[in-house]
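Heads up, the thing below is written out as structure tokens.
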Amino acid sequence: MNEKMTRNIGIMAHIDAGKTTTTERILYYSGASHRIGEVDNGEATMDFLEQEQDRGITIASAATTCYWKDHQINIIDTPGHVDFTAEVERSLRVLDGAVMVVCAVGGVEPQTETVWRQADTYHVPRIAFINKMDRLGASFPEAVEEIATKLSANPIPLFIPVGKEGEFSGIIDLIRSTYLVYSKEDQGKTISEEEIPASMRAEADAWHEKLIDSVSSFSDEITELYFDGQPIPPALIVKVLKKATLERKALPVFVGSSLKDIGVQTLLDGIIEYLPSPSEAAPIMGLKVKGGDEVAVSYDREKPPLALIFKIQVDREAGPMSFVRVYNGTIKKASTMFNISKKKRERVNRILRMYANRQEEVNELEAGDIGVIIGFKEGRTGDTIASEGSQILLEEIRFPTPVISIAIEPSTQSDSEKLRMALSTLTQEDPTFSYKDDEETGQLVISGMGELHLDVLVTRLTREMKIQARVGKPQVTYRESVSTSASDSERFSKVLAGKENEAGLSMTIRPRSMGEGNRYLCSAKVRGMDDSFYEAIERGVKNSFNGGIQFGYEVCDLEVEVTAIEYNELTASLFAFEACAAMCFDKVARQAGPILMEPVMKVIVVVPSLYVGEAISSLTSRSGIVTSIESRTATEQINAQAPLEQLFGYSTVLRSATQGRGTFSMEFDHYAQKTH
Numbered sequence: 071m072n073e074k075m076t077r078n079i080g081i082m083a084h085i086d087a088g089k090t091t092t093t094e095r096i097l098y099y100s101g102a103s104h105r106i107g108e109v110d111n112g113e114a115t116m117d118f119l120e121q122e123q124d125r126g127i128t129i130a131s132a133a134t135t136c137y138w139k140d141h142q143i144n145i146i147d148t149p150g151h152v153d154f155t156a157e158v159e160r161s162l163r164v165l166d167g168a169v170m171v172v173c174a175v176g177g178v179e180p181q182t183e184t185v186w187r188q189a190d191t192y193h194v195p196r197i198a199f200i201n202k203m204d205r206l207g208a209s210f211p212e213a214v215e216e217i218a219t220k221l222s223a224n225p226i227p228l229f230i231p232v233g234k235e236g237e238f239s240g241i242i243d244l245i246r247s248t249y250l251v252y253s254k255e256d257q258g259k260t261i262s263e264e265e266i267p268a269s270m271r272a273e274a275d276a277w278h279e280k281l282i283d284s285v286s287s288f289s290d291e292i293t294e295l296y297f298d299g300q301p302i303p304p305a306l307i308v309k310v311l312k313k314a315t316l317e318r319k320a321l322p323v324f325v326g327s328s329l330k331d332i333g334v335q336t337l338l339d340g341i342i343e344y345l346p347s348p349s350e351a352a353p354i355m356g357l358k359v360k361g362g363d364e365v366a367v368s369y370d371r372e373k374p375p376l377a378l379i380f381k382i383q384v385d386r387e388a389g390p391m392s393f394v395r396v397y398n399g400t401i402k403k404a405s406t407m408f409n410i411s412k413k414k415r416e417r418v419n420r421i422l423r424m425y426a427n428r429q430e431e432v433n434e435l436e437a438g439d440i441g442v443i444i445g446f447k448e449g450r451t452g453d454t455i456a457s458e459g460s461q462i463l464l465e466e467i468r469f470p471t472p473v474i475s476i477a478i479e480p481s482t483q484s485d486s487e488k489l490r491m492a493l494s495t496l497t498q499e500d501p502t503f504s505y506k507d508d509e510e511t512g513q514l515v516i517s518g519m520g521e522l523h524l525d526v527l528v529t530r531l532t533r534e535m536k537i538q539a540r541v542g543k544p545q546v547t548y549r550e551s552v553s554t555s556a557s558d559s560e561r562f563s564k565v566l567a568g569k570e571n572e573a574g575l576s577m578t579i580r581p582r583s584m585g586e587g588n589r590y591l592c593s594a595k596v597r598g599m600d601d602s603f604y605e606a607i608e609r610g611v612k613n614s615f616n617g618g619i620q621f622g623y624e625v626c627d628l629e630v631e632v633t634a635i636e637y638n639e640l641t642a643s644l645f646a647f648e649a650c651a652a653m654c655f656d657k658v659a660r661q662a663g664p665i666l667m668e669p670v671m672k673v674i675v676v677v678p679s680l681y682v683g684e685a686i687s688s689l690t691s692r693s694g695i696v697t698s699i700e701s702r703t704a705t706e707q708i709n710a711q712a713p714l715e716q717l718f719g720y721s722t723v724l725r726s727a728t729q730g731r732g733t734f735s736m737e738f739d740h741y742a743q744k745t746h
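Throughout, the working numbering is defined as the position within the sequence shown, counted from one, plus 70.
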């Protein structure tokens with residue numbers, strides 16, 4: 071298919087804004103599904119994991135393809151819950167455009183702001199869909215206002231609702247000045263264009279004036295036509311608005327109610343009219359393998375194949391399914407590709423195009439396409455796949471650190487091996503999940519992004535993978551760091567198999583600012599010493615980062631500089647230098663004022679105004695610090711920071727303090743020294 075006719079889009083929003091319901095309608099109207107699956111009945115096509123249907127939320131981003139007006143639309147439906155932010159992150163990395171669904175009642179909610187910031191990071195052009203106009207308390211002007219103030223966006227409404235709540239009956243197209251009425255008989259498939267109701271005429275004219283005013287700031291031609299009193303062709307407005315949207319200077323706003331089958335087809339038209347095709351999308355950044363220089367990668371079908379793995383899903387029969395976005399060239403079935411990140415050759419056994427829970431086998435994927443490759447054994451999320459001659463490494467996807475852990479043990483010995491294999495599968499699929507053996511207790515410990523995240527994973531182990539296991543209470547994943555600088559030296563000398571193995575190093579360790587991460591430097595240079603020895607020293611230091619200083623927790627926010635190297639080519643060995651680096655790190659780190667670091671969470675509490683006092687005291691009693699309070703209609707949003715350790719069971723406390731009317735969400739913010 072012509073790439074101009076392709077759109078790679080994501081649907082993103084806060085939990086419960088109606089993303090999945092909107093996607094279901096898109097699949098129905100585009101003919102990809104023959105009936106509408108409802109989230110509330112546990113029948114959504116895109117929520118095909120058993121738990122998604124049970125919980126009524128999206129957990130894994132699902133990829134699907136549908137067709138609208140001769141255009142191929144590849145859609146990725148992403149989760150809205152903060153524990154699954156990594157799913158959103160990896161999806162945005164490969165999208166060309168996004169639809170942001172905003173609830174007409176809740177407005178711009180905390181997770182909406184999070185995904186908006188993520189989309190800014192990846193320079194993704196967006197359009198907005200204000201959903202749930204049929205709900206009690208819906209307000210279109212307030213939702214538009216919140217988009218402008220909270221997201222610092224430039225919302226330009228292209229449609230306005232006729233009526234609201236139970237009276238919501240259709241929408242007015244401001245560009246073409248028509249009233250669109252959706253038939254209830256065929257679930258909104260038939261749309262009739264009518265005259266704008268007399269009672270809405272003045273309001274529609276006022277919104278139309280605002281639209282022309284907003285669009286004229288991007289076009290002198292529209293300004294001149296307006297001042298000359300000439301009609302402004304709709305095609306010109308669309309053209310100007312598309313350019314502004316691609317430059318992320320404008321946010322076209324659509325409106326409707328997915329549940330009531332109103333406004334989704336106009337949203338589909340908007341996806342085609344305002345969001346970019348692969349060749350119109352901004353280039354993504356890559357690194358040259360040799361030298362590490364940054365290079366812009368733009369769409370090109372003629373170049374050798376270049377693609378990014380953005381998700382792994384392990385299928386019992388097929389094995390690992392690698393979801394890929396192709397940026398250049400064509401990937402063909404039965405060809406051999408090179409995983410640049412892992413430096414391994416991989417074979418393309420099969421290529422699939424996904425239709426949510428159904429799939430179709432294809433022979434190739436072209437530049438601009440999204441699909442699934444079966445056959446890659448080593449591939450992981452964020453890996454670059456290319457032809458062997460290619461020397462471009464696409465920018466890796468960075469994932470947040472797991473902050474919460476629980477001990478897990480198999481109920482029977484026979485389940486032990488099955489459990490480890492299952493955990494290995496889950497880590498392959500989910501980069502924010504990890505597991506390790508605790509050396510002190512001998513327990514198997516799994517770590518994730520939050521209580522819900524771990525709960526979902528444990529449920530998958532027991533239900534999907536049929537493993538009987540006992541689970542402990544959630545524990546905080548701590549880190550270690552240093553508080554002062556320290557320098558010292560270490561020598562290693564050992565006779566192995568009759569050969570002397572010697573190495574000597576001097577090292578300085580310094581603390582870094584909060585959130586800066588670890589850094590390794592080597593300022594010592596020895597004439598005639600092979601690069602492999604420098605690599606062995608770096609390996610020894612970096613492996614020590616995982617082993618901790620005093621308590622065995624991973625280290626964070628420190629800098630290690632190797633300042634001197636003792637090297638004798640007769641007795642030097644890679645093993646000696648790697649071991650010496652680990653010993654030297656251990657010795658110096660213990661002198662640098664080791665400290666225990668705990669995860670501090672960004673907490674957002676939304677409560678009715680009546681309960682603000684109770685909510686604040688419930689946070690401060692848990693060592694929380696309130697950073698700001700935002701007033702909304704009838705509710706207050708309290709922004710705070712609190713140690714994760716103090717937040718276990720907080721939802722129960724908040725519910726009882728606010729008679730069940732308060733809600734909260736939290737996400738990892740930074741590690742800070744544990745003081746209590």
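Backbone N, C-alpha and C define an ideal beta-carbon position, used for all residues, glycine too.
Ranked by how close their Cα comes to the Cα of glycine 574, the residues Leu566, Glu560, Lys564 have Glu560 in first place.
DSSP places valine 723 in the helix class (H, G or I) of the three-state scheme.
Taking all protein chains shown into account, methionine 407 has 16 or more neighbouring C-beta atoms within 10 Å of its C-beta and is therefore buried. In the same chain as histidine 278, and ignoring 5 residues on each side of it, the C-beta atoms closer than 6 Å to its own belong to Leu244, in chain order. Look at the region 403-479 and you find these whole runs of beta strand (DSSP E), each 3 residues long or longer: 406-409, 414-417, 420-425, 428-432, 434-436, 440-444, 454-456, 462-464.
Note that the C-beta distance between serine 555 and arginine 580 is below 8 Å. Residue range 389-398 is occupied by the beta strand (DSSP E) that includes tyrosine 397. For alanine 174, there is no enclosing beta strand (DSSP E), as DSSP gives it neither H nor E.
The shortest C-alpha to C-alpha distance from methionine 535 to any of Leu496, Phe562, Ile516 is the one to Leu496. Contact check between the region 229-236 and the region 183-199: fewer than three CB pairs, one atom from each, fall below 8 Å, which does not count as touching.
Following the DSSP letters along the chain, one finds glutamine 498 in no beta strand (DSSP E) but inside the alpha helix (DSSP H) bounded by residues 483-499. Glutamine 335: member of the alpha helix (DSSP H) spanning 334-344, first to last residue. Ranking Tyr296, Thr219, Glu434 by CA distance to the CA of valine 396 puts Glu434 first. CA-to-CA, the gap between valine 432 and methionine 82 works out to about 28 Å. Counted as a single uninterrupted DSSP element, the alpha helix (DSSP H) harbouring aspartate 275 occupies residues 271-286. Pairing isoleucine 476 with glycine 542 gives a Cβ-Cβ distance under 8 Å. According to DSSP, cysteine 136 shares a beta bridge with Ile143. For glycine 730, the closest alpha carbon among the candidates Ile695, Tyr741, Leu680 is that of Leu680. Between the region 334-345 and the region 300-315, the count of C-beta pairs closer than 8 Å reaches three or more; the two stretches touch. In the three-state reduction of the DSSP assignment, phenylalanine 238 falls in the coil class. The closest CA to that of threonine 336, considering only Lys657, Thr92, Val670, is found on Thr92. Its Cα nearest to that of serine 328, the residue Arg95 stands out among Ile79, Arg95, Val673.
The region 704-716 makes no contact with the region 643-658: fewer than 3 CB pairs, one atom from each, lie closer than 8 Å.
For serine 392, same chain residues with a beta-carbon under 7 Å away, outside a window of 5 residues either side, are Ile379, Ile382, Val442, Ile443, Phe446, Gly449 in chain order.
Of the residues Thr184, Gly176, Ile226, Asp190, the one whose Cα lies closest to the Cα of alanine 208 is Gly176.
When C-alpha distances from aspartate 507 are compared across Glu237, Gly518, Glu479, the shortest belongs to Glu479.
In the three-state reduction of the DSSP assignment, valine 164 falls in the coil class.
Per DSSP, threonine 641 lies in no alpha helix (DSSP H) and is assigned neither H nor E. Scanning the region 683-714 for uninterrupted beta strand (DSSP E) segments of 3 residues or longer gives 695-701, 705-713, listed from N- to C-terminal end. Counting C-beta atoms within 10 angstroms of its own C-beta, leucine 165 has 16 or more neighbours from the protein chains shown and is therefore classed as buried. In the three-state scheme derived from DSSP, where H, G and I count as helix and E and B as strand, alanine 377 is classed as strand. Annotated as distal: aspartate 656 and serine 693, with beta-carbon spacing of 8 Å or more. DSSP places valine 308 in the uninterrupted alpha helix (DSSP H) bounded by 304-316.
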